[in-house]
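Novice: Once you've had a glance at the structure underneath, I'll fire off some questions.
Protein chains: 2
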Amino acid sequence: MATMQDVARLAQVSVSTVSYVLTGARPISQATRDKVLAAMAELDYQPNAMARGLASRRSRIVGLLLPMDERGLGATETAFVTGAAAGASAAGYHLVLAPIGVGDRDELRRLASQRMFDGALLMEVQLRDPRVDVLRELDVPLVLIGRTADTTDLSYVDIDFDRTVAEAVGHLVDLGHRRIVYVNHSAGTIAEGYGPALRTRDAFTAAMAAHGLEPLMIPAEDSAAGGRTALATALRQAPDLTAILAMNESAVFGLLGELHRRGLRVPDDVSVISMVTSPQVAELATPALTAMNSPGTALGRIAIETLLRHVDGGHREIHQQLLPCALQVRGSSGPPRTAGTAYPGAGGRQRPGPGSRAARRSAATARRP
Amino acid sequence: MATMQDVARLAQVSVSTVSYVLTGARPISQATRDKVLAAMAELDYQPNAMARGLASRRSRIVGLLLPMDERGLGATETAFVTGAAAGASAAGYHLVLAPIGVGDRDELRRLASQRMFDGALLMEVQLRDPRVDVLRELDVPLVLIGRTADTTDLSYVDIDFDRTVAEAVGHLVDLGHRRIVYVNHSAGTIAEGYGPALRTRDAFTAAMAAHGLEPLMIPAEDSAAGGRTALATALRQAPDLTAILAMNESAVFGLLGELHRRGLRVPDDVSVISMVTSPQVAELATPALTAMNSPGTALGRIAIETLLRHVDGGHREIHQQLLPCALQVRGSSGPPRTAGTAYPGAGGRQRPGPGSRAARRSAATARRP
DNA sequence: GCGGTTAGTCGAAGCGGTTCGACGAACGTA
DNA sequence: TACGTTCGTCGAACCGCTTCGACTAACCGC
């Protein structure tokens with residue numbers, strides 16, 4: 001394994017000159033540069049990562065902090081991870097997977113104190129996340145995937161839940177649906193302040209209100225059984241429902257199964273839209289699910305780019321960005337069963353505004369007997 | 001950030017003594033050790049990872065080499081990654097995700113030459129994998145997930161496809177099935193020598209032969225559409241089939257959809273077993289899929305432990321281990337429609353041996369008219 | 001033609017650890 | 001009692017790179 005010394009000797013220059021050729025920190029004449037590059041090529045030289053890291057105080061490694069509990073990662077999270085890894089790799093950085101949850105405060109402090117990470121990406125961020133405090137205290141640049149409650153001076157990328165929910169609701173309303181139920185994560189998850197569950201809940205309420213419709217949210221455990229139970233509850237509370245919006249990727253399949261068991265056809269009797277879902281998962285259902293495609297890979301890429309800007313630049317400018325999920329219509333959404341006439345205010349994605357009163361009337365007639 | 005110097009000063013010993021306390025490379029008296037430990041605690045000392053890495057020529061980082069193409073990771077691969085990360089973390093190592101595919105030979109050489117990795121885990125191993133040569137040449141310890149064609153002197157962990165297929169077939173045969181079709185990955189995938197596809201194919205042939213049954217394999221593209229097509233083909237080639245064994249996690253859902261569309265009920269008309277599948281995915285189907293649970297997490301853990309033994313030990317002893325997928329019966333398998341009587345040789349998992357002739361006779365009577 | 005820049009290069013001092021040789025003290029042994 | 005060991009500790013030499021100060025030579029404006 002050739003070292004810089006070897007290169008310097010072969011090129012008949014000093015080590016520092018070789019270093020400057022590599023880093024560009026000082027000007028080097030073309031002739032010298034060529035000599036050095038030739039020597040490097042001949043020796044198949046690769047700088048030693050540890051030595052470089054020690055001297056420059058830059059490991060070129062960033063940490064991806066993600067809790068790894070029993071249930072593993074979903075498709076969205078996986079896409080995020082691979083997006084981040086690819087982005088890091090493209091920038092000459094390395095991504096280490098650190099299984100650090102919200103509770104592992106001391107573990108994180110230990111890790112970060114070792115100065116192995118130039119920066120960190122936090123996944124599964126809680127509204128109040130102690131990991132943020134630890135990293136700030138140790139002066140480790142960080143970018144959140146998701147958001148804490150207070151995002152002052154914090155860079156983050158997250159899904160634009162407002163727009164995502166609004167578009168999903170808009171799609172259903174355009175199709176003529178009035179009685180739309182939102183199946184969220186579990187009550188416990190909501191209670192402990194899981195951001196996406198709270199934000200989609202509020203966004204759903206707002207979106208429905210904007211159309212003059214009454215929102216109904218049902219919590220569901222993250223499992224097929226949870227989805228079945230949720231459907232039963234939903235039908236009890238809103239027997240006239242014609243569409244379901246599901247946030248819960250695990251529950252939605254149980255929900256579909258239960259719909260089928262009860263003889264309700266999708267989308268003829270009930271339309272179903274799955275939120276924040278990867279195409280791979282959406283395609284598994286029969287019919288394939290109309291879904292809001294989660295921008296997992298893009299989020300990962302943007303997050304890493306933002307982080308590296310902080311790391312490289314010293315660049316204090318914060319970056320906060322929300323990406324909506326794109327609606328992808330597949331087979332699970334269609335006009336409601338009894339909707340003979342189109343919704344008066346429909347035909348576009350514009351807010352109904354003054355038309356909402358009419359909408360409510362029309363909704364009433366559209367309901368099942 | 002306290003350094004070793006600070007600790008030495010505070011404890012009134014030399015730096016080397018502090019180092020020996022940490023590494024245990026030389027004996028240190030209890031009194032001195034206590035002084036040093038106290039000083040470390042007081043200063044909240046954490047050794048600098050880069051410095052340690054440079055001096056010891058050990059980064060305490062292992063690379064996980066995985067191709068990251070467009071299609072991302074499946075649930076099994078994800079479980080593997082998280083298992084490996086957790087295992088590494090528990091041993092005080094770090095896992096970096098390196099998006100390096102079979103083709104990125106030079107990229108891997110560059111990376112490995114930087115001496116950032118003490119060892120590497122290779123995923124998605126091809127029967128003939130150039131990454132192995134590169135790493136060996138550079139003297140980087142490695143462990144495969146999967147197997148190359150020639151595994152001499154190579155440590156690996158992999159799924160025991162023979163046992164997995166045998167158990168799946170055994171389960172179906174025990175239930176009374178005779179006409180079992182195996183839905184594999186695509187013809188292209190098989191042609192390019194994808195190990196799991198080849199090994200399961202051969203295992204299926206062997207397992208069926210052991211029961212005196214005739215094997216039928218159908219290739220399928222990795223998609224819902226592929227599954228639908230495969231079912232059509234299967235029904236054409238074997239109209240009397242009563243059970244399907246599917247290797248292809250993506251196709252199996254399309255296959256189920258197509259069964260449903262044709263009015264064939266699962267498991268009453270056709271039993272379906274999904275091979276190498278995670279419980280999360282199996283639960284998505286309705287009915288939930290009887291499946292061979294992939295031991296993803298365990299594989300990851302064992303792989304990393306093996307690798308670290310090579311790294312730490314210098315320990316040249318190779319370790320080759322196969323883990324079977326465990327059968328988990330859910331709702332998609334049951335007795336065949338027309339199976340009034342149990343298969344004479346059934347009731348256990350033992351090989352039928354001389355009974356195979358009887359089995360064949362019985363199989364004929366068990367077929368649909 | 002002279003002080004002041006700027007480009008181009010070198011030597012040396014780190015970065016924060018590990019590890020080796022050396023050395024005094026304590027110990028068992030012949 | 002003298003000697004070879006083992007124990008416990010220290011100092012110093014690295015590990016392979018970055019970076020700072022210094023120096024030379026060419027170049028600038030006036």
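Top to bottom, those sequences are chains A and B.
Following full-length UniProt numbering, the numbering of the first sequence begins with 1 at its first residue and continues without gaps.
Following full-length UniProt numbering, the numbering of the second sequence begins with 1 at its first residue and continues without gaps.
We treat Cβ as the ideally placed atom computed from N, Cα and C, and that holds for glycine.
1. Please state whether the Cβ-Cβ distance between M123/A and I145/A is less than 8 angstroms.
2. Can you have a look at T152/B and say buried or exposed, based on whether 16 or more other CB atoms are within 10 angstroms of its CB?
3. Using 8 angstroms as the threshold, is the C-beta distance between I244/A and V173/A below it?
4. Taking all protein chains shown into account, do 16 or more other C-beta atoms lie within 10 angstroms of the C-beta of P27/B, making it buried, or fewer, making it exposed?
5. Since I believe L198/A is in contact with L231/A (beta carbons under 8 angstroms), could you give me their beta-carbon distance rounded to a whole number of angstroms?
6. Identify which residue in I302/B, E317/B, H319/B, G296/B has its Cα closest to the Cα of A326/B.
7. Given F117/B, which residues of its chain have a CB within under 7 angstroms of its CB, disregarding the five upstream and five downstream residues?
8. Could you please give me the residues that DSSP links to H94/B through a beta bridge?
9. Closer than 7 angstroms between beta carbons: that is the criterion. Which residues of the region 18–49 of chain A meet it against chain B?
10. For the beta strand (DSSP E) containing P219/B, name the first residue and the last one.
11. Verify whether the separation of the beta carbon atoms of F204/B and L284/A is less than 8 angstroms.
12. Inspect the beta-carbon positions of D222/A and S274/A and report whether they are closer than 8 angstroms.
13. Starting from the C-beta of T233/A, find all residues in its chain whose C-beta is less than 8 angstroms away, skip the five residues before and the five after it, and write them out in chain order.
14. Is L54/A closer than 8 angstroms to L10/A when the C-beta atoms are compared?
15. Leaving out five residues before and five after residue 401/A in sequence, what residues of the same chain have Cβ atoms less than 6 angstroms from its Cβ?
16. Which residues share a DSSP beta bridge with I180/B?
17. Alpha carbon to alpha carbon, what distance is there between V329/B and A291/B?
18. Along chain A, which residues have their Cβ under 8 angstroms away from the Cβ of V96/B?
19. What residue ranges within the region 135–183 of chain B form continuous beta strand (DSSP E) runs of no fewer than 3 residues, ordered along the chain?
20. Can you tell me whether Q30/B is buried or exposed, with buried defined as 16 or more other CB within 10 angstroms of its CB?
21. Within its chain, find whatever has a CB closer than 7 angstroms to the CB of A88/B; leave out the 5 residues flanking it on each side and keep chain order.
22. Per DSSP, what kind of secondary structure is M208/B in: helix, strand or coil?
23. Does G345/B come out as helix, strand or coil in the three-state DSSP assignment?
24. Does the beta-carbon of A49/A have 16 or more other beta-carbons within 10 angstroms, so that it is buried, or is it exposed?
25. As a quick exercise: from Q321/B, A210/B, S332/B, pick the residue whose alpha carbon is nearest that of Y156/B.
26. May I ask which residues mark the beginning and end of the beta strand (DSSP E) holding D304/B?
27. Within 10 angstroms of the Cβ of S14/B, are there 16 or more other Cβ atoms? Answer buried if so, exposed if not.
28. Using a C-beta cutoff of 8 angstroms, does R147/B count as contacting chain A?
29. Can you tell me whether DSSP reads A120/A as helix, strand or coil?
30. Mind checking the region 106–139 of chain B against chain A and listing, in chain order, the residues whose C-beta falls within less than 8 angstroms of any C-beta there?
31. Under the DSSP definition of a beta bridge, which residues are partnered with A326/A?
32. Can you name, in chain order, every residue of its own chain whose Cβ lies under 8 angstroms from the Cβ of L307/A, other than the five neighbours on each side?
33. Output yes or no for whether 8 angstroms exceeds the beta carbon distance between Q46/B and S56/A.
34. When you compare only the Cα positions, how much space is there between A282/A and A288/A?
35. Taking all protein chains shown into account, do 16 or more other C-beta atoms lie within 10 angstroms of the C-beta of P239/A, making it buried, or fewer, making it exposed?
36. Taking 6 angstroms as the limit between beta carbons, can you name the residues of its chain near L264/B, skipping five residues before and five after?
Specialist: From the atom records:
1. Taking the first sequence and counting its residues from 1, one reaches residue 123/A at position 123. Taking the first sequence and counting its residues from 1, one reaches residue 145/A at position 145. Against a cut-off of 8 angstroms, the Cβ pair of I145/A and M123/A comes out as a contact.
2. By 1-based counting over the second sequence, the position of residue 152/B is 152. Its Cβ having fewer than 16 others within 10 Å, T152/B is exposed.
3. Position 244 of the first sequence, counting from 1, holds the residue named residue 244/A. Position 173 of the first sequence, counting from 1, holds the residue named residue 173/A. Against a cut-off of 8 angstroms, the Cβ pair of V173/A and I244/A comes out as no contact.
4. Translated into the one-based positions of the second sequence, residue 27/B becomes position 27. Classification for P27/B: exposed.
5. Taking the first sequence and counting its residues from 1, the one referred to as residue 231/A is at position 231. Taking the first sequence and counting its residues from 1, the one referred to as residue 198/A is at position 198. That pair is no contact at about 22 angstroms.
6. Here residue 326/B refers to the residue found at position 326 of the second sequence. When only C-alpha atoms are compared, the closest one is G296/B.
7. As a first step, residue 117/B must be located in the second sequence, where it is residue number 117. Once the five neighbours on either side are set aside, the close Cβ partners of F117/B are S59, I61, V62, G63, V140.
8. Walking along the second sequence from the start, residue 94/B turns up at place 94. Bridge partners of H94/B: I61/B.
9. Q46, P47, N48, A49
10. Mapped onto the second sequence, residue 219/B falls at position 219. That run of the beta strand (DSSP E) goes 216–219.
11. Position 204 of the second sequence, counted from the start, is the residue given in the question as residue 204/B. Position 284 of the first sequence, counted from the start, is the residue given in the question as residue 284/A. No, Cβ-Cβ distance for F204/B and L284/A is not below 8 angstroms.
12. The residue labelled residue 222/A in the question sits at position 222 within the first sequence. The residue labelled residue 274/A in the question sits at position 274 within the first sequence. It is not a contact, given that the beta carbons lie outside the stated cut-off.
13. As a working note, residue 233/A is residue 233 in the first sequence. Excluding sequence neighbours, T233/A sits near I218.
14. By one-based count along the first sequence, residue 10/A stands at place 10. By one-based count along the first sequence, residue 54/A stands at place 54. Not closer than 8 angstroms, so no.
15. In the structure as shown, chain A starts at 1 and stops at 369, and residue 401/A therefore has no counterpart that could be examined.
16. For the purposes of this step, residue 180/B is taken as the residue at position 180 of the second sequence. Partner(s): A243/B.
17. Along the second sequence, one-based indexing puts residue 291/B at 291. Along the second sequence, one-based indexing puts residue 329/B at 329. So the two alpha carbons sit approximately 6 angstroms from each other.
18. The count along the second sequence starts at 1 and reaches residue 96/B at position 96. Neighbours of V96/B on chain A, chain order: I61, H94, L95, V96, L97.
19. 142–145, 155–159
20. Counted from its first residue, the second sequence places residue 30/B at position 30. By the neighbour-count rule (16 or more Cβ atoms within 10 Å), Q30/B is not buried but exposed.
21. As a working note, residue 88/B is residue 88 in the second sequence. Here the set comprises V62, H94, L95, I304.
22. Taking the first residue of the second sequence as 1, we reach residue 208/B at position 208. Correct three-state label for M208/B: helix.
23. Translated into the one-based positions of the second sequence, residue 345/B becomes position 345. Here G345/B scores only 36 on pLDDT, less than 50, and its place in the model is too uncertain to base an answer on.
24. Along the first sequence, read from residue 1 onward, the residue named residue 49/A stands at position 49. Buried is the call here.
25. By one-based count along the second sequence, residue 156/B stands at place 156. For the residues Q321/B, A210/B, S332/B, the minimum Cα distance to Y156/B belongs to Q321/B.
26. Here residue 304/B refers to the residue found at position 304 when the second sequence is read from its first residue. For the sequence presented, residue 304/B should be read as Ile rather than Asp. Careful: I304/B lies outside any beta strand (DSSP E), inside the alpha helix (DSSP H) at 296–313.
27. Here residue 14/B is taken as the residue at index 14 of the second sequence, counted from 1. So S14/B ends up on the exposed side.
28. Taking the first residue of the second sequence as position 1, residue 147/B is located at position 147. False, the Cβ-Cβ gap to chain A never drops below 8 angstroms.
29. Locating residue 120/A in the first sequence gives position 120, counting from the first residue. Reduced to three states, the DSSP call for A120/A is strand.
30. R110, S113, Q114, R115, M116
31. Counting from 1 along the first sequence, the entry for residue 326/A is found at position 326. Answer is N293/A, bridged to A326/A.
32. Taking the first residue of the first sequence as 1, we reach residue 307/A at position 307. Excluding positions up to five away in sequence, the list reads V62, G119, A120, L121, P141, L142, V143, S155.
33. Residue mapping note: residue 46/B aligns to position 46 of the second sequence, counting from 1. Residue mapping note: residue 56/A aligns to position 56 of the first sequence, counting from 1. No, the pair does not count as a contact, with Cβ atoms beyond the cut-off.
34. Stepping through the first sequence from its first residue, residue 282/A is reached at position 282. Stepping through the first sequence from its first residue, residue 288/A is reached at position 288. Their backbone Cα atoms lie some 6 angstroms apart in a straight line.
35. Translated into positions along the first sequence, residue 239/A becomes position 239. By the 10 Å Cβ count, P239/A comes out exposed.
36. On the second sequence, residue 264/B is found 264 positions in, with the first residue counted as 1. Closer than 6 angstroms at Cβ, skipping near neighbours: V270.
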